[in-house]
Ligand SMILES: Nc1ncnc2c1ncn2[C@@H]1O[C@H](COP(=O)(O)OP(=O)(O)OP(=O)(O)O)[C@@H](O)[C@H]1O
Ligand SMILES: [Mg+2]
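Residue numbers (full-length UniProt numbering), protein chains in the order written: chain L, 1 to 604; chain F, 1 to 272.
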């Protein structure tokens, strides 16, 4: 009994101490989409995702209650960096739900405008507040309410030491009349955190938002470390490919890559330039992964002749040429394609988390179904076509008797081959839970769902490569197969491996699609990066070869189109595909739902 | 569809539809007219393309023959056809032929929607031959200097299966339209709708906020037309939030999640 009371009391203290209102709490998940759109609407970077930010240690004076309860030392604040708009996972600082929700929108707006990010904290926030309240009357009104609630929440001035009281006065003045306070009076402690403002750059030791950058950072709480790790991984994946070389791998992948590189170095003839290039790429990774002994492992591989320049024609069943831009020649039989049938994949149903999208797509794509078409001037039909009939009378000619109207179903005469990049780079993380490959997998599922409604003919293939002797072509669904659990099973089984010899894959896909008899033939490439392989196939070489392969596809009457999640793709895709023949999906996680719509738009 | 219903001749002397220029488009159009060059106007929906052409036609004192193109439009819808009455059959000119005969401006709206075989009748008209052969009657019309061909389309949609052939598009002097700069657009909104300048300014702020989400969240950015429509509702006494929902938000998306988020932006500007 006493224990019960003790717990209740502790809770009460905790609640009072933290000035929390759990009954009015609003979770980020419930507003993140709205907040993100508002962020973009007010000029925020389209590339960033909304994320639940980590807590910040604020170091201000805590009340006796807070000290008793041991809480309220950490506080959720907002900030934005290159990857994400960081918002608190939950806001329950104010007694009304509407205030807590408005605080989310306010913070999203603040992160979006932030006109002078380089000013000191106080000036910077006042400038941002002014920009918003001047430009957006609705937000100005909600700011007025938030300020009053925030001030009510703040520690009473009477309870503060004189220096801190002065500081607090300044903050309140800045809140009430933004732009009116030039500098923060000094005090022994930092001010009590201001929930309406952006997170201050932590002054101590120039610490950055991501404290995990320094190699010997002491470990923090386990959970924090965990999420740090996730974010760090995402960072690696988003690091731009510097010199057209390797995509960035997770440390685990690098190990496998290292092993792979060791066995693939038999070829002697090395082209200095290519070798230097490869070394460059490795440096990038070594620096990026400057932890533990990965760098050491990699430096071993630097000695290996990774580049490969021999032109010995290969023999085999499916041999494909490759374009060498340096000599302007199409070298015959340079790549061997190995078709991998994926026969052993276990059949499965559509994953549960896609069921809702499936329903939506069925509705939307029903509209694309074949429609009735009126055919004019037919030799027979169920209606008279006045126009040719009158022409017939006007000319008094007996020759032309095609004056009937007929109805016929208009079939969409369309064949689409979707080619998915399954290289190792797709193992990169795109958020907390999903990798690029997962996004590609879901995209293949939803794409197939949508196309089976339209009854457009389609095929699905995946590809990866391990130098020119092993371009792997995975058959997920041929044109003749129905989309069923067997196919779903294959889609379900895709996993990332090796590199991206795009040109060869496109040439092989061109052969398959070229055999289809349809009026429009669409070759859709789904990828996350540039062409590259572990030999000289990277940088300009890979790009020019892929471009040549696409020109050939177009000459065959195919329409190539590329969908990529590589944010840097605008640097090279216009060259490879042509300006209007690709799209960059800014948020990879949206690819699954966007791909079917994109297809509808492209083929409407 | 009868020929007369798709062609509209605007011939109201003294009444020029108001158009606020955003650049040199008026001068370029006039020069093109004087030099007998056809004009292509491209730009997003609701940015004033149609209004501009109406304005220019009135300004130059020419009749305007407008045709909205669609994929069922045939060459004879443009050129003309034989009709029938008590005394037998007779020929009637389509809007294009009328414009050529009377030296007017023929305006083909959304020209990419028309089938390719329809647009080929424009070829001989849009180069320096300036002739219109009418196969059905054997007539070959020579366009007078006052005749002008104007086409427009919206290049916003990425579409693999549609587009203008290079041989068609290179015949035209091209004007790219975008959205006017904020102060000017507010002016347009205020004059078109009668709403007060402050509200017009807010509406334009809203439009620009929504436009910056366009390539991410919306299929197409809201045009001036939507803003003018919302302004008209407000000027008529409608609550701004209600007006923005009805005239803007619900016109941009059918997805409840998106419209909800768009309303957050509306509230950021029209909230109280
Ligand atoms: N520069 C402008 N001056 C005056 N009014 C304008 C201007 N731009 C847009 N408007 C207003 O916007 C409305 C829509 O413009 P208009 O119909 O010309 O668009 P559009 O570009 O032809 O669009 P669509 O491609 O959908 O046909 C006009 O009725 C007018 O009220
Ligand atoms: Mg128009």
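Yeah, the Cβ is synthetic: ideal placement off N, Cα and C, and Gly gets one too.
With respect to the C-alpha of residue 504/L, the residue from 32/L, 548/L, 163/L and 494/L having the closest C-alpha is 548/L.
The DSSP-derived three-state label of residue 153/F is strand.
For residue 22/F, the shortest separation between its Cβ and any heavy atom of ligand 2 does not lie below 6 Å. Under DSSP, residue 335/L takes part in a beta bridge, and its partners are 320/L. For residue 192/F, the shortest C-beta to heavy atom distance toward ligand 1 is below 6 Å. Within the stretch 393 to 464 of chain L, complete beta strand (DSSP E) segments of at least 3 residues are found at 404 to 410 and 414 to 421, given in chain order.
Not a single CB atom of chain L sits nearer than 7 Å to the CB of residue 179/F. For residue 582/L, the three-state secondary structure derived from DSSP is strand.
Under the criterion of beta carbons closer than 8 Å, residue 142/F and residue 130/F qualify as touching, at roughly 7 Å.
For the set 135/F, 98/F, 81/F and 96/F, the Cα lying nearest the Cα of residue 90/F is the one of 81/F. Collapsing the DSSP output to three states places residue 30/L in a helix. Relative to ligand 2, the beta carbon of residue 109/F is positioned inside 6 Å of a heavy atom. Comparing alpha-carbon positions, the option among 341/L, 86/L, 142/L and 77/L lying closest to residue 268/F turns out to be 142/L.
The beta carbon of residue 42/F sits no closer than 6 Å to any heavy atom of ligand 2. When the alpha-carbon of residue 150/F is set against those of 21/F, 22/F, 31/F and 38/F, the nearest one is in 38/F.
Neighbourhood of residue 549/L in chain F, by CB distance below 7 Å: empty, with the nearest CB roughly 18 Å away.
Residues of the stretch 239 to 272 of chain F that bring their beta carbon within less than 8 Å of a beta carbon in chain L comprise 257, 258, 260, 261, 262, 264, 265, 266, 267, 268, 269, 270, 271 and 272, in sequence order.
For the stretch 68 to 91 of chain F, residues whose beta-carbon sits nearer than 9 Å to a beta-carbon of chain L comprise 72, 74, 76, 81, 82, 83, 84, 88, 89, 90 and 91. Boundaries for residue 348/L: no alpha helix (DSSP H) harbours it, and the DSSP string shows neither H nor E there. The Cβ atoms of residue 529/L and residue 425/L lie closer than 7 Å to each other.
For residue 79/L, the three-state secondary structure derived from DSSP is strand. Residue 50/F has its Cβ nearer than 6 Å to a heavy atom of ligand 2.
The residue from 229/F, 94/F, 210/F and 231/F with its alpha-carbon nearest to that of residue 221/F is 210/F. Minimum Cα-Cα distance from residue 26/F among the listed residues 73/F, 93/F, 226/F and 53/F corresponds to 53/F. Among the residues of chain L, those whose CB is under 7 Å from the CB of residue 209/F are 41 and 42, following chain order. Two segments are said to touch when three or more pairs of C-beta atoms, one from each, lie closer than 8 Å; by this definition the stretch 101 to 118 of chain L touches the stretch 193 to 200 of chain L. Residue 404/L is positioned such that its CB atom lies closer than 7 Å to that of residue 378/L. Listed in chain order, the non-local C-beta contacts of residue 518/L below 8 Å within the same chain comprise 413, 414, 415 and 457, local neighbours out to five positions each way being set aside.
Straight across, the Cα-Cα distance linking residue 453/L with residue 483/L is about 11 Å.
CA-CA distance, residue 23/L to residue 99/L, rounds to 13 Å. The C-beta of residue 467/L has 16 or more other C-beta atoms within 10 Å across all chains shown, which makes the residue buried. The C-beta of residue 213/F comes closer than 7 Å to at least one C-beta of chain L.
Residue 65/F has its CB no nearer than 6 Å to any heavy atom of ligand 1. The straight-line gap separating the alpha-carbon atoms of residue 177/L and residue 87/L is approximately 25 Å. Relative to ligand 1, the beta carbon of residue 228/F is positioned inside 6 Å of a heavy atom.
Here residue 532/L is bridged, per DSSP, to 500/L.
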